[in-house]
Structures are given as structure tokens and as C-alpha cells.
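Chains as they are written, first to last, in the numbering used here: chain A, 473 to 706; chain B, 28 to 272.
Note that the Cβ used here is the ideal one computed from N, Cα and C, for glycine as well.
Keep in mind that this is a model prediction, so the values were computed, not measured.
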Amino acid sequence: MSLFNSILWLSSENIEILKDSFLPLMRGVLTYTIPLSLLSFFIGLVLAIVTALSRLSGIALLSGAARVYVSIIRGTPLLVQLFIVYFGLGNLGVEFLKFEPFTGALIAFSLNTGAYASETIRASILSVNKGQWEAASSIGMSYMQSLRRVILPQAARVSIPPLSNSFIGLVKETSLASTILVSEMFRKAQEIVATTYTPLLLYIEAAAIYWAICFVLSLIQGGIENKMNRYVNT
Amino acid sequence: MITATDISKRFGDLEVLKQINMEVDTGKVVVIIGPSGSGKTTLLRCLNLLEQPESGSLTIDTQTIDFRDKISKHKIRNFRRLSGMVFQTYNLFPHFTAIENVMEGPVIVQKVKKPEARQKAEGILAKVGLKEKADTYPYQLSGGQQQRVGIARAMAIDPKVMLFDEPTSALDPELIGEVLRVMKQLAEEGRTMVVVTHEMNFAKEVADEVIFMDEGAVVERGTPLEVFEQPKEERTKRFLNLLKE
Numbered sequence: 473m474s475l476f477n478s479i480l481w482l483s484s485e486n487i488e489i490l491k492d493s494f495l496p497l498m499r500g501v502l503t504y505t506i507p508l509s510l511l512s513f514f515i516g517l518v519l520a521i522v523t524a525l526s527r528l529s530g531i532a533l534l535s536g537a538a539r540v541y542v543s544i545i546r547g548t549p550l551l552v553q554l555f556i557v558y559f560g561l562g563n564l565g566v567e568f569l570k571f572e573p574f575t576g577a578l579i580a581f582s583l584n585t586g587a588y589a590s591e592t593i594r595a596s597i598l599s600v601n602k603g604q605w606e607a608a609s610s611i612g613m614s615y616m617q618s619l620r621r622v623i624l625p626q627a628a629r630v631s632i633p634p635l636s637n638s639f640i641g642l643v644k645e646t647s648l649a650s651t652i653l654v655s656e657m658f659r660k661a662q663e664i665v666a667t668t669y670t671p672l673l674l675y676i677e678a679a680a681i682y683w684a685i686c687f688v689l690s691l692i693q694g695g696i697e698n699k700m701n702r703y704v705n706t
Numbered sequence: 028m029i030t031a032t033d034i035s036k037r038f039g040d041l042e043v044l045k046q047i048n049m050e051v052d053t054g055k056v057v058v059i060i061g062p063s064g065s066g067k068t069t070l071l072r073c074l075n076l077l078e079q080p081e082s083g084s085l086t087i088d089t090q091t092i093d094f095r096d097k098i099s100k101h102k103i104r105n106f107r108r109l110s111g112m113v114f115q116t117y118n119l120f121p122h123f124t125a126i127e128n129v130m131e132g133p134v135i136v137q138k139v140k141k142p143e144a145r146q147k148a149e150g151i152l153a154k155v156g157l158k159e160k161a162d163t164y165p166y167q168l169s170g171g172q173q174q175r176v177g178i179a180r181a182m183a184i185d186p187k188v189m190l191f192d193e194p195t196s197a198l199d200p201e202l203i204g205e206v207l208r209v210m211k212q213l214a215e216e217g218r219t220m221v222v223v224t225h226e227m228n229f230a231k232e233v234a235d236e237v238i239f240m241d242e243g244a245v246v247e248r249g250t251p252l253e254v255f256e257q258p259k260e261e262r263t264k265r266f267l268n269l270l271k272e
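Quick look at the structure:
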């Protein structure tokens with residue numbers, strides 16, 4: 473009986489639901505999931521570089537602040553961070569801390585990405601041979617010039633695989649934004665389930681779309697790695 | 028051209044340089060020799076401010092630094108441009124081609140326009156015999172070729188003096204000659220050079236003065252003939268004998 477049911481599961485009725493739900497889900501992907509992922513990743517990346525450089529600065533106040541930031545973010549769940557930013561700050565009665573759901577999610581995800589990626593970037597900067605700093609200094613480069621022209625381009629190559637991991641993780645974690653009513657893809661799926669009562673179907677569809685996005689991202693990662701590896705003997 | 032006075036440097040408890048004095052006249056080649064740990068590389072790095080001595084003063088060309096003062100980063104940068112450093116391990120920028128390595132200093136630091144910098148870099152690469160390798164990445168070059176790019180990169184910033192930190196020590200024996208030939212050519216053109224090396228034949232042929240260092244101090248100095256053929260100090264004799272074995 474159950475086997476029979478399973479076969480019948482992809483009935484014409486269910487296929488109809490899949491068809492009807494695909495566009496709304498994709499709208500969630502294009503209007504929220506992808507913009508939220510991209511924006512938080514790039515803001516997070518900037519935060520991460522600043523944090524990593526602060527850690528490496530040798531200035532106690534800066535590196536201490538960076539340590540505290542990373543420790544707090546890594547030591548608490550993303551969902552909790554999201555709730556603190558959106559519900560917590562929003563409830564303070566201070567007008568500019570009342571965020572739109574999207575903005576609240578953007579802040580929480582950026583802060584989260586910034587902390588994790590800062591460790592990746594710190595490690596990849598440290599992986600660049602000290603002789604590179606010296607060579608850059610010896611031709612008269614300033615700290616910022618050395619960083620921009622010599623150190624970060626080499627660190628970038630090392631950091632592509634772990635940063636890709638972070639980005640792919642982030643794309644999936646945007647589904648948490650559904651809890652603060654951001655109409656991203658997973659939220660859309662939940663809304664549709666509420667009318668069709670087909671949770672398995674819709675959630676598998678959502679899962680398939682996440683997987684497809686991540687698959688494309690992996691391909692892009694491979695392309696970037698190839699480009700960056702052009703100057704190393706592989 | 029270079030005047031170093033009472034240069035002292037310590038790493039923690041270890042006194043690496045003990046009140047070193049040295050003078051290099053324009054167009055002269057000074058070779059520093061000595062056993063490992065003698066401080067010769069540290070001394071060379073002090074001339075480029077890659078290491079900062081605790082005391083003493085240093086003049087290159089018209090600029091003077093007193094190490095007892097607080098020295099601004101700006102001053103350090105300007106001072107560094109007076110000397111071109113060639114490293115034992117080349118330290119080429121691996122993500123740039125040979126010519127990009129050579130252009131980097133002029134373009135980024137001295138703000139020379141790219142076409143102009145490229146033209147100049149081509150000339151320098153030709154000089155070190157690597158004209159046809161301009162668009163090659165460092166990993167595709169042999170050690171000797173990489174080191175010659177290193178020399179070209181250092182020359183590109185028009186330094187007043189060239190500093191060489193054991194430029195052939197990382198090279199296979201058959202590749203040493205091509206690098207020494209380039210250095211000899213530079214010496215013949217009248218460039219002021221300070222060379223830390225174990226290549227005694229190079230020192231004999233090219234040096235105007237040889238400095239023998241041990242335990243952070245200058246033990247003996249003189250013409251190659253004086254130091255190699257008639258060393259006065261016991262320690263110099265011992266070191267030279269060890270090399271002959």
C-alpha cells in the first residue's frame with residue numbers, strides 16, 4: 473500500500489502543484505535569496521578583511537576588538553543573532569534600530585560572514601611568505617601598497633576554496649530569514665504548503681533549487697580557481 | 028655613497044651587530060664574507076632598513092638616518108628607495124610576469140606611466156639577458172633566471188646602491204655563473220654594490236674591498252689581495268682555510 477502510494481506520489485495533481493509553485497519559488501530566489509546572499513557576502517568580506525588586518529595589526533586595542541567580535545559571533549547561533557538584530561533591537565523603541573526584515577537579515581548575515589571569513593583571510597594572509605612583504609618594502613611600497621598589490625592577490629588564491637564554502641553555506645542559511653518573514657525562497661515554500669498541504673513535495677522542490685544554486689556556485693568556484701592558479705606550477 | 032657609523036643591533040639577548048662602521052665610495056664594490064651567524068646578512072638588511080638597528084647612523088647618498096631618533100614610515104620608505112635589494116630566495120612576485128615584476132616599483136611607487144615603465148623594464152631585462160622571458164611567470168623560469176629578474180626588479184627603481192644578500196646561495200651550481208656574470212657587468216658599469224656572498228672567486232675578481240665579519244663585528248677589512256692572501260687576523264685565516272678544505 474505504501475509503495476503504491478509512493479508511486480502515485482508524482483501524480484498529475486502533484487506535478488501541477490510543482491509547476492504552479494516553481495515560479496513563486498524562483499521569485500523568492502531572485503528577489504531575496506540571491507540578493508541577500510550576495511550583499512551579505514560582500515559586506516561580510518569587507519568586514520572580514522578589516523577584522524583580519526586588525527587581528528594582525530599588533531595594536532592591542534584593534535586586535536582585542538577583533539577577537540571579541542569573532543568570539544561572540546562564532547560562539548552564538550546565527551538564528552539567535554538574527555532574532556537579536558530583528559526582534560531584539562526592533563523592540564528597543566529606537567526608530568533607526570527598527571529594521572525592515574530584509575535589512576535585519578542583511579545585518580545579521582553580514583556580521584556572521586564577517587567573523588567566519590576573517591579567520592579564513594587571516595590564515596591566507598599568514599600563508600604568504602614573509603619574503604613577499606620584504607620584497608615589496610624593498611622597492612619602496614607602503615603597507616597598503618604591499619597589501620593591495622602583493623599580499624592580498626596571493627592570499628586570495630589560497631582563500632578561494634574556504635570562502636566558497638562560506639558562500640555556499642550562506643546561501644543555504646538565508647532560509648533562516650524566513651523566521652523573520654523575509655519572503656525568500658523557503659518562506660515562499662512554507663506559504664504554498666499552507667494552502668496545498670504537500671510539505672514533502674514543496675520542501676523537496678526547495679531543496680532541489682538550493683542544490684542547483686550551489687552546484688552552479690561550485691562551477692564558478694572551479695573557474696575562479698583555474699584563473700588564479702595560472703601563475704603556480706600545478 | 029654609504030656611511031654606516033656604530034651600527035648596533037640585537038635580537039633579544041643576542042648582540043648581532045656590535046658597533047659596525049663601514050664606508051662605501053661611489054662606484055665601489057664591497058664584499059662581506061664570514062661564517063653563518065656572523066651578522067653579515069643582518070648588516071646588509073640594516074642598509075635597506077629591513078632590520079632597524081638600535082643605535083648608530085646611516086647615510087646613503089644625501090639622506091641620513093640616526094637610529095636613536097624616532098623614524099617616520101615616510102622617511103623609511105624614501106630611504107629604502109636609495110638601495111635595490113636582491114634576496115637569497117629571489118622573492119619575486121609569483122602572480123606577476125617577469126616584466127610586471129620589474130615594472131611594479133616604477134609604476135606603483137614612483138608613479139611612472141605604464142608604457143614608459145614597460146619600455147624601461149624591457150631595457151633592464153635585456154641587460155640581464157632575459158628579454159625573451161618578459162611575459163613568463165616566475166615558476167616557469169630557472170633559479171638563475173629568477174634571480175636575474177630579481178636583480179632587474181631592484182635596478183628598476185634607479186637605486187643609488189645595489190645590495191645583494193647571498194644572491195647565489197639558493198642556486199644549483201651550474202646556474203651560479205649566469206648570475207655572477209650579471210653582477211660583474213653591473214660592477215664594471217660603475218655601480219655601487221654591497222655583496223654578501225660565499226663566492227670567493229667573485230670577491231677576488233670584483234671587490235674593491237672585502238670585509239670579514241665574525242660574531243657581529245668586523246674582524247678584518249682590506250683589498251681582496253690583503254684579506255685573501257695576507258690575512259692578519261687568526262680568525263680570518265681559520266675561516267679561509269675552512270673554505271679551502
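Nearest-angstrom Cβ-Cβ length linking residue i and residue j, presumed shorter than 8 Å
i: Val-57 of chain B; j: Asp-235 of chain B; result: 7 Å
i: Leu-689 of chain A; j: Phe-658 of chain A; result: At roughly 17 Å, the Cβ-Cβ gap does not stay under 8 Å, so Leu-689 of chain A and Phe-658 of chain A are not in contact.
i: Lys-660 of chain A; j: Leu-497 of chain A; result: 5 Å
i: Ile-87 of chain B; j: Leu-109 of chain B; result: 4 Å
i: Tyr-166 of chain B; j: Asn-705 of chain A; result: 4 Å
i: Asp-241 of chain B; j: Arg-218 of chain B; result: No, Asp-241 of chain B and Arg-218 of chain B are not in contact; Cβ-Cβ is about 28 Å, not under 8 Å.
N-terminal and C-terminal residue of the beta strand (DSSP E) that residue i is part of
i: Ile-34 of chain B; result: 29 to 38
i: Thr-278 of chain B; result: Since the displayed chain B opens at 28 and closes at 272, residue 278 of chain B lies outside it and no answer follows.
Residues near residue i by beta carbon distance below 8 Å, same chain, minus five either side
i: Ile-685 of chain A; result: Val-501, Thr-505, Ile-506 and Val-643
i: Ala-214 of chain B; result: Val-56, Met-220 and Val-233
i: Gly-156 of chain B; result: Arg-175, Glu-205 and Val-209
Contact set for residue i: own chain, Cβ-Cβ below 7 Å, skip 5 residues either direction
i: Pro-251 of chain B; result: Ala-230, Lys-231, Ala-234 and Val-237
i: Leu-648 of chain A; result: Leu-550, Leu-551 and Leu-554
i: Ser-609 of chain A; result: Ser-618
i: Ser-84 of chain B; result: Thr-32, Thr-91, Ile-92, Asp-93 and Phe-94
i: Ile-489 of chain A; result: Thr-668, Thr-670 and Leu-673
i: Lys-36 of chain B; result: Val-43, Leu-44, Thr-69, Cys-73, Glu-78, Pro-80 and Glu-81
Identity of the residues DSSP links to residue i by a beta bridge
i: Met-49 of chain B; result: B:Ala-31
i: Ser-636 of chain A; result: For Ser-636 of chain A, which the question treats as bridged, DSSP gives no partner whatsoever.
i: Gly-249 of chain B; result: B:Val-237
i: Met-613 of chain A; result: According to DSSP, Met-613 of chain A bridges with nothing at all.
i: Thr-91 of chain B; result: B:Thr-86
i: Leu-41 of chain B; result: B:Phe-38
i: Ile-59 of chain B; result: B:Val-223 and B:Ile-238
With 16 other Cβ atoms within 10 Å as the buried cut-off, status of residue i
i: Gln-173 of chain B; result: buried
i: Met-189 of chain B; result: buried
i: Ser-483 of chain A; result: exposed
i: Ile-545 of chain A; result: buried
i: Val-518 of chain A; result: exposed
i: Met-182 of chain B; result: buried
i: His-122 of chain B; result: buried
i: Met-473 of chain A; result: Unreliable placement is indicated for Met-473 of chain A, whose pLDDT of 48 sits below 50; no coordinate value is reported for it.
i: Ala-607 of chain A; result: buried
i: Ala-532 of chain A; result: exposed
Where the alpha helix (DSSP H) through residue i begins and ends
i: Thr-585 of chain A; result: 573 to 598
i: Asp-192 of chain B; result: Where Asp-192 of chain B is concerned, there is no enclosing alpha helix (DSSP H), although the beta strand (DSSP E) it sits in stretches over 188 to 192.
i: Ile-489 of chain A; result: 484 to 500
i: Val-134 of chain B; result: Here Val-134 of chain B belongs to no alpha helix (DSSP H), and DSSP marks it neither H nor E.
i: Ser-690 of chain A; result: 671 to 700
i: Val-654 of chain A; result: From DSSP, Val-654 of chain A is part of no alpha helix (DSSP H); its letter is neither H nor E.
i: Val-518 of chain A; result: 506 to 528
Cut-off 6 Å between Cβ atoms - residues of its own chain near residue i, not counting five sequence neighbours on either side
i: Val-654 of chain A; result: Tyr-504, Pro-573, Phe-574 and Ala-577
i: Arg-594 of chain A; result: Ala-524 and Arg-527
i: Lys-264 of chain B; result: Pro-258
i: Glu-205 of chain B; result: Gly-171
i: Gln-626 of chain A; result: Val-600
i: Pro-133 of chain B; result: Val-139, Ala-144 and Ala-183
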